[in-house]
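In the numbering used here, the protein residues as written are 1 to 95. First up is the structure itself, then whatever we jot down about it.
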């Protein structure tokens with residue numbers, strides 16, 4: 001199912017619910033994939049999932065979430081990215 005979502009740039013409410021569910025998967029690789037898929041999402045639902053992933057325990061998930069949010073001009077996203085710059089211990093996340 002994730003492979004089908006990879007090339008999409010428009011997501012339905014149900015797709016966002018599914019991606020939100022997967023963003024809490026035990027396997028970090030699944031959470032990484034969610035953050036990669038959402039790079040093409042340019043709306044609040046996608047941003048909210050990515051913002052949640054900014055605080056993931058796995059560095060690679062946080063790095064990908066930051067990368068996926070980098071094109072956003074939302075004040076909320078900017079606030080959360082600044083917070084990660086100040087608080088995250090990973091230089092890759094801060095990068």
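Here a beta-carbon is modelled for each residue, glycine too, at the ideal position from N, C-alpha and C.
Are the CB atoms of residue 72 and residue 38 nearer to each other than 7 Å? On the chain shown, residue 72 is found 72 positions in, with the first residue counted as 1. On the chain shown, residue 38 is found 38 positions in, with the first residue counted as 1. The answer is no: Cβ separation not under 7 Å.
Candidates 19, 40, 30 and 90, of which the one nearest residue 9 by Cα: Taking the chain shown and counting its residues from 1, the one referred to as residue 9 is at position 9. The candidate whose alpha carbon is nearest that of residue 9 is 40.
Is DSSP giving residue 66 helix, strand or coil here? As a working note, residue 66 is residue 66 in the chain shown. The answer is helix: DSSP assigns residue 66 an H, G or I state.
Rounded to a whole number of angstroms, what is the C-alpha to C-alpha distance between residue 89 and residue 36? Within the chain shown, residue 89 is the residue found at index 89, counting from 1. Within the chain shown, residue 36 is the residue found at index 36, counting from 1. C-alpha separation (whole angstroms): 22 Å.
In whole angstroms, what separates the C-alpha of residue 45 from that of residue 16? Here the question's residue 45 lines up with position 45 in the chain shown. Here the question's residue 16 lines up with position 16 in the chain shown. The alpha-carbon atoms of residue 45 and residue 16 are separated by roughly 7 Å.
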